[in-house]
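Everything on this sheet refers to the single structure shown next.
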Amino acid sequence: YSFDDPPIEDDAEIDQNGNVDTPYENQNTGYKDVGDPVWQCRHCKAMMWYDERINKDKQTKNPKFALCCGDGKIQLPVLQDAPQPLRQLLFDTNDSQAKNFQQNIRSYDVMFAFTSPILQLDTRYNTGRGPLTFRLHGQGHHLIGSLLLLANKSPKFALLYIYDIDNEVNDKLSQNPKSKPRRFRNVSMGDFAKIFNRSSSFIVRSSSFFDLHSNMLNNNNHYAQKFRMASDKLQSSIVSNLKLKLIYDRQSDGRLYNLPNTAEVAALIVGDEHTREDGYRPDIPHKDHPNIHAAKRKKVIMREYFCYGLQSRNNEAQTILHAMILFQQWIVDDYCMIESQKLNYVRQHQQQLRVDKYINLNACNNAPETLGNEKGKRVILPSSFVGSQRYMEQLYFDGMTICGHIGFPYLFLTLTCNLAWPEIQRKIFKMKLNQLMNDLKHGHLFGPILGFIYTIEWQKRGLPHAHILIFLQPANKYPNPEDIDKIISTEIPNKYTDPKLYEIVSKHMIHGPCGLPNRSTPCMVDGKCIRFFHKKFNKAIIVDQDGFPVYRRTNNGRTDQKHGIELDNRFVIPYSPQLLLKYRTHLNVEWCN
1 YSFDDPPIED DAEIDQNGNV DTPYENQNTG YKDVGDPVWQ CRHCKAMMWY DERINKDKQT
61 KNPKFALCCG DGKIQLPVLQ DAPQPLRQLL FDTNDSQAKN FQQNIRSYDV MFAFTSPILQ
121 LDTRYNTGRG PLTFRLHGQG HHLIGSLLLL ANKSPKFALL YIYDIDNEVN DKLSQNPKSK
181 PRRFRNVSMG DFAKIFNRSS SFIVRSSSFF DLHSNMLNNN NHYAQKFRMA SDKLQSSIVS
241 NLKLKLIYDR QSDGRLYNLP NTAEVAALIV GDEHTREDGY RPDIPHKDHP NIHAAKRKKV
301 IMREYFCYGL QSRNNEAQTI LHAMILFQQW IVDDYCMIES QKLNYVRQHQ QQLRVDKYIN
361 LNACNNAPET LGNEKGKRVI LPSSFVGSQR YMEQLYFDGM TICGHIGFPY LFLTLTCNLA
421 WPEIQRKIFK MKLNQLMNDL KHGHLFGPIL GFIYTIEWQK RGLPHAHILI FLQPANKYPN
481 PEDIDKIIST EIPNKYTDPK LYEIVSKHMI HGPCGLPNRS TPCMVDGKCI RFFHKKFNKA
541 IIVDQDGFPV YRRTNNGRTD QKHGIELDNR FVIPYSPQLL LKYRTHLNVE WCN
């Protein structure tokens, strides 16, 4: 690794003291705020953070960005404003009807959807203190169902746009709000019932909402218009047989292969005149740029398409970004489609990936496959596929190689996302982590280092956190307990002489209360705290016979109250005062044996 100071580009602004003008204050002490996304991409006009620039090792006043449009390679149509009344329902924060819509937006979405979502949701962690999380297991499906109304069956989803549904809607809206509506009977979303139970006003106000949204869709959605046209034809006596086609890619005239045998054909041509509202299609070309002829890929891939749509721009609508939990569902749905596309590529390019060597090496060890117990063609995921077994094993071997070359790490840090960060309304955890790694590499907080390893994980309640191993140079390995005491503290700060640090420690670095006062905490297993709190008072730091540090925890009378229980230094999680003041979140620092 190279820990030299980052170079400064020629167009960077430098003040009289030789400092580069950057969006945040570069100080060794005090909170490090990444600011707001005030930097506009010169190509697509997306509002970005300075730390999202392409070359993060250079300071410049004209940064380039690839996260939004690939630095000009991608150009998509601008999203238009949502029609009324949807616009008011999404953006009005005062109207009670709009608040009801925002709180139950996913239920309303399914009510007007053309397809039935089949999702295996995990809502176990939505009962805790963390933010509401959309957690999905397995593969998601969207079923369009039959367009033929079966006997003794109610129309659902796309059928509602063809058949007369007045009586059906009234029947649904008159159901007991404490019971699960029949409309979602075939939708495997367990949280729908919880949403309905939480707000009975949803049922009361849905009748007027349905009329407003039906008119809005009929006037603005060309899919709904085609289905309504089919409905009008079916209800008339002119046409007895009608064909409705969904044409995904009109590269040739379908009449050459399937001659129409009915008097009327309603065709839904996806992407005939492409707009962002139609969604992704595989033949969107890259924008002309100087290197386009030498580029291996000249089409927009699915990941690039959705990355473009995730950005905020002043010149286009913010409909998707203001959809709240429906926005989360949209992101998860997009990721599933991207991963499915990658898996399909791996499946179709097994020969190019040379998976035969994996199969031959494992043939003698794979008894079920040899005996024919596992039928079908086996697909090998290479180490280049993120999340595969070979990907994880390769990272593990890389980490062990670093340990074998440099030695064992000496510091173990855990950085956790903080919901109280001033900038948390935006996607800033990775930028915070990059800042921390930059401080560790260049700021010499713990002295010069030889290397580092980190991994980003997701808590069960939905927040990300990073585990970091630091390899110090031999001269800075803190061989004496007194040296460890200089960088790691396990005591509550003085409330009067250091109020800011006291506030941060009491909010983020106090464990519990657990044990006898509170046996219901997640850390309690079989009546004991799995984190071994509370600790013992200790006048000085020592290293036990197993090489683990026993930090200094004096009985100095300083306490913090949580849930009516007084907690002292025995409940403090080890931390670095300097890092805690700068990042103001749960940031655990441990000395490794």
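Using UniProt numbering, the first residue of the sequence shown is number 1, and each one after it goes up by one.
Cβ coordinates follow ideal geometry from the N, Cα and C atoms, glycine included.
Fair warning: this is a prediction, and the values are worked out from it, not measured in the lab.
- About 11 Å separates the beta carbons of residue 317 and residue 86, which is beyond the 8 Å limit, so they are not a contact pair.
- The Cβ atoms of residue 231 and residue 112 do not sit closer than 9 Å to each other.
- In the DSSP annotation of this structure, residue 534 is not part of any beta strand (DSSP E), being labelled neither H nor E.
- At a Cβ-Cβ threshold of 9 Å, residue 586 and residue 467 do not count as neighbours.
- For residue 471, the beta-bridge partners assigned by DSSP are 451.
- Classified as exposed, residue 387 has fewer than 16 neighbouring CB atoms from the shown chains inside 10 Å of its CB.
- Residue 66 sits in coil when the DSSP states are folded into three classes, being neither helix nor strand.
- Around the beta carbon of residue 334, 16 or more other beta carbons lie within 10 angstroms, which makes this residue buried.
- Judged by DSSP secondary structure, residue 442 falls within the alpha helix (DSSP H) whose first and last residues are 429-442.
- With contacts defined as CB atoms closer than 9 Å, residue 469 and residue 399 qualify as a contacting pair.
- For residue 494 and residue 528, the gap between their C-alpha atoms comes out near 30 Å.
- For residue 542, the CB contacts under 8 Å within the same chain, skipping 5 residues up- and downstream, are 481, 549, 550 in chain order.
- Sequence-distant Cβ neighbours of residue 523 in its own chain, meaning closer than 6 Å and more than five residues away, are 514, 529, 530, 531.
- Secondary structure at residue 322: helix, using DSSP grouped into helix, strand and coil.
- In this structure, 406 is the residue among 465, 406, 235 with its C-alpha nearest to the C-alpha of residue 472.
- Taking each of 484, 144, 422 in turn and checking the Cα distance to residue 31, the smallest one comes out for 422.
- In terms of Cα proximity to residue 569, the closest of 560, 526, 521 is 560.
- Contact between residue 308 and residue 41 fails: their C-beta atoms lie close to 10 Å from each other, not under 8 Å.
- The three-state secondary structure of residue 518, taken from DSSP, is strand.
- Spatial neighbours of residue 554 in its own chain (CB-CB distance under 8 Å, excluding positions within 5 residues in sequence) are listed in chain order as 491, 537, 538, 539, 569.
- Partner residues in the beta bridge of residue 590, as assigned by DSSP, are 412.
- Using a 10 angstroms sphere on the CB of residue 105, the tally of other CB atoms reaches 16 or more, which defines it as buried.
- Secondary structure note for residue 404: its alpha helix (DSSP H) is the uninterrupted segment 389-406.
- Here the C-alpha atom of residue 90 lies approximately 21 Å from the C-alpha atom of residue 306.
- DSSP, read as helix, strand or coil, puts residue 216 in helix.
- Taking the C-beta atoms as reference points, residue 348 is found no nearer than 9 Å to residue 301.
- CA-CA distance, residue 55 to residue 377, rounds to 43 Å.
- If you draw a straight line from the Cα of residue 350 to the Cα of residue 455, it comes to about 29 Å.
- Taking every protein chain shown into account, the CB of residue 63 has 16 or more other CB atoms within 10 angstroms, so this residue is buried.
- Contact between residue 287 and residue 73 holds, with the beta-carbon distance rounding to 6 Å and staying under 8 Å.
- The shortest C-alpha to C-alpha distance from residue 84 to any of 576, 579, 589, 98 is the one to 98.
- Under the DSSP assignment, residue 483 falls outside any beta strand (DSSP E), being part of the alpha helix (DSSP H) whose first and last residues are 481-487.
- If you draw a straight line from the Cα of residue 354 to the Cα of residue 431, it is about 37 Å long.
- When the beta-carbon positions are compared, residue 436 and residue 583 come within less than 9 Å of each other.
- Less than 9 Å divides the Cβ of residue 312 from the Cβ of residue 46.
- If you ignore the 5 residues before and after residue 76, its C-beta comes within less than 7 Å of the C-beta of 276, 308, all in its own chain and listed in chain order.
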